[in-house]
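So the structure is just underneath, and the comments pick up after that.
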Amino acid sequence: MEEQWNYEDKRKEGKVNRLKPIHGILLFIVVMVSFYTVIAWAQMKWGMYGLALTELYLLALALGSAKLLKAPFKEVFPVKSPQWQKIFAVLLCWIASYSAVIPLTMIVAYFFPEEVFSVSGSLNDFMATVPLAVSVFISCVMPAVCEEAVHRGFILKSFQSRIKGKWILVVLMGLLFGLFHGNLWRFLPTALLGAALTYLMVETENMIYPALFHFINNFFPTLLSGLTGAAGGGTDTQAVTQSLMENGLPLSFLGVYIGMGCVAPFCFYTAAYLLRRGVPGKEQRYFTSNKMLVLLVVLTVIPIVLGGALLFLGIFDMLMNGSGESVIYQNDYLIWQALEIFIR
Numbered sequence: 002m003e004e005q006w007n008y009e010d011k012r013k014e015g016k017v018n019r020l021k022p023i024h025g026i027l028l029f030i031v032v033m034v035s036f037y038t039v040i041a042w043a044q045m046k047w048g049m050y051g052l053a054l055t056e057l058y059l060l061a062l063a064l065g066s067a068k069l070l071k072a073p074f075k076e077v078f079p080v081k082s083p084q085w086q087k088i089f090a091v092l093l094c095w096i097a098s099y100s101a102v103i104p105l106t107m108i109v110a111y112f113f114p115e116e117v118f119s120v121s122g123s124l125n126d127f128m129a130t131v132p133l134a135v136s137v138f139i140s141c142v143m144p145a146v147c148e149e150a151v152h153r154g155f156i157l158k159s160f161q162s163r164i165k166g167k168w169i170l171v172v173l174m175g176l177l178f179g180l181f182h183g184n185l186w187r188f189l190p191t192a193l194l195g196a197a198l199t200y201l202m203v204e205t206e207n208m209i210y211p212a213l214f215h216f217i218n219n220f221f222p223t224l225l226s227g228l229t230g231a232a233g234g235g236t237d238t239q240a241v242t243q244s245l246m247e248n249g250l251p252l253s254f255l256g257v258y259i260g261m262g263c264v265a266p267f268c269f270y271t272a273a274y275l276l277r278r279g280v281p282g283k284e285q286r287y288f289t290s291n292k293m294l295v296l297l298v299v300l301t302v303i304p305i306v307l308g309g310a311l312l313f314l315g316i317f318d319m320l321m322n323g324s325g326e327s328v329i330y331q332n333d334y335l336i337w338q339a340l341e342i343f344i345r
């Protein structure tokens with residue numbers, strides 16, 4: 002408490018330099034310019050190890066910028082001991098985000114199969130060039146630290162100095178995170194994930210939680226890809242990916258993925274409840290009103306009904322016309338290979 006008052010006194014006396022939105026915007030511009038110059042070159046030359054250098058470069062940019070502007074590291078990159086209740090909230094928030102990203106990604110894939118699945122296949126091949134343990138460290142651990150230092154650290158803090166609306170920050174940072182990944186077909190899924198990461202940071206003011214979310218989010222598809230490759234499924238995966246690119250995503254599969262979205266409403270609501278529980282001045286009840294319960298039920302039912310309708314319509318169309326999709330149906334678990342890259 003004394004440390005907090007000391008910091009406030011120093012800030013009022015002008016002894017602490019506060020970040021401004023322009024600082025975050027300039028850093029983001031530097032990052033994006035770097036991606037199309039030095040970063041692209043490094044990844045083309047050294048592959049996954051070039052990706053590792055990219056993450057270190059991002060971390061250096063975030064830390065160096067804060068140091069240059071004399072911004073207090075404890076304020077820009079706050080790290081505190083995690084609480085088990087909030088860790089569970091992070092897991093629920095990830096499940097909610099994942100179940101929302103799946104239908105969103107597959108709707109895009111349904112209309113643009115070649116563009117979506119070609120990106121997935123090339124990135125899977127890129128990650129398969131190193132052992133699984135190395136891939137996990139480079140694609141899961143390093144982004145959880147380095148990318149979060151840039152986005153939920155320096156850039157978010159620069160915006161918070163002027164923007165006070167929580168949801169404005171969540172949307173803005175989500176859009177920047179979508180742009181950061183530099184691919185039109187990945188924009189919506191990554192923007193949604195960026196919004197979820199920002200929500201965790203704004204609610205907790207602790208980088209441990211968005212870093213944990215980011216790690217889990219990248220670890221799941223990386224592990225799936227590695228295990229499939231170790232089981233000798235690489236050739237089958239390529240065949241299924243090629244089939245998806247040529248024939249498109251079956252309508253029945255789109256229905257299944259849309260139906261998965263039913264998990265999102267209650268998971269996210271429960272995560273939000275756990276994050277605010279025990280915090281002075283915040284609502285402590287689980288259901289704040291009957292209207293909220295009705296809204297959650299409606300949001301849960303809609304994807305089930307819509308997904309179920311598309312599922313049966315797709316099956317009926319396949320039985321009536323014969324779509325030649327047997328390879329995909331026999332290897333349906335490999336569809337996740339095509340999806341996984343959009344979760345990173």
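Numbering-wise (the numbering used here), the sequence shown opens with residue 2 and increments by one.
Every residue gets a Cβ at the ideal spot worked out from N, C-alpha and C, and that includes glycine.
None of the values given here were measured: they were computed from a predicted structure.
Exercise for review: Go ahead and label Q86 buried or exposed: buried means 16 or more other beta carbons lie within 10 angstroms of its beta carbon, across all protein chains shown.
Suggested key: exposed
Check your understanding: What are the boundary residues of the alpha helix (DSSP H) that includes T106?
Key -> W85 to F112
Review point. In three-state terms, what does DSSP make of T271?
Key: helix
Review point. Considering only C-alpha positions, which residue in the set L180, Y287, K68 and T191 is nearest to I103?
Key: T191
Review point. By the 10 Å Cβ neighbour count, where 16 or more other Cβ atoms means buried, how is E148 classified, buried or exposed?
Key: buried
Review point. Taking C-alpha atoms, which residue in R187, L70, V146 and A101 lies nearest to S159?
Key: L70
Review point. Distance, Cα to Cα, F317 vs F178?
Key: 40 Å
Check your understanding: Whose C-beta lies closer than 7 Å to the C-beta of T301 among residues of the same chain, with five residues either side of it excluded?
Key -> C263, P266 and F267
Review point. What number of angstroms, rounded off, separates the C-alpha of M319 from the C-alpha of F254?
Key: 12 Å
**Study point:** Cβ-based burial, L185 [other Cβ within 10 Å; buried from 16]
**Key:** exposed
Check your understanding: How about V146 and A43: are their beta carbons less than 8 Å apart?
Key -> no
Point to revise | Nearest-angstrom Cα separation, counted from M33 out to L224 | key: 28 Å
Check your understanding: Do you know whose CA, among L64, P132 and Y50, lies nearest L228's CA?
Key -> P132
Practice item. Please work out which residues of its chain come closer than 8 Å, Cβ to Cβ, to G275, disregarding the five sequence neighbours upstream and downstream, and give them in chain order. Key: Strictly speaking, residue 275 in this sequence is Leu, with Gly absent from that position. Result list for L275: Q86, K87, F89, A90 and L93, in chain order.
Point to revise | Option in L252, Q243 and L59 with minimal Cα separation from M143 | key: L59
Check your understanding: Can at least three beta-carbon pairs, one atom from the segment 46 to 56 and one from the segment 189 to 205, be found at a separation below 8 Å?
Key -> no
**Study point:** Straight-line Cα distance separating A272 from E204
**Key:** 11 Å
**Study point:** Endpoints, alpha helix (DSSP H) assigned at E56
**Key:** M49 to L69
Check your understanding: Nearest-angstrom Cα distance between W168 and A97?
Key -> 17 Å
Point to revise | Whole runs of the alpha helix (DSSP H) within the segment 119 to 169, excluding any shorter than 4 residues | key: 133 to 137, 143 to 149 and 157 to 161
Practice item. With DSSP as the reference, label Y37 as helix, strand or coil. Key: helix
Review point. What is the DSSP secondary structure of G249, reduced to helix, strand or coil?
Key: coil
Exercise for review: Select from M45, L20, L105 and G48 the residue whose C-alpha is nearest the C-alpha of A63.
Suggested key: L20
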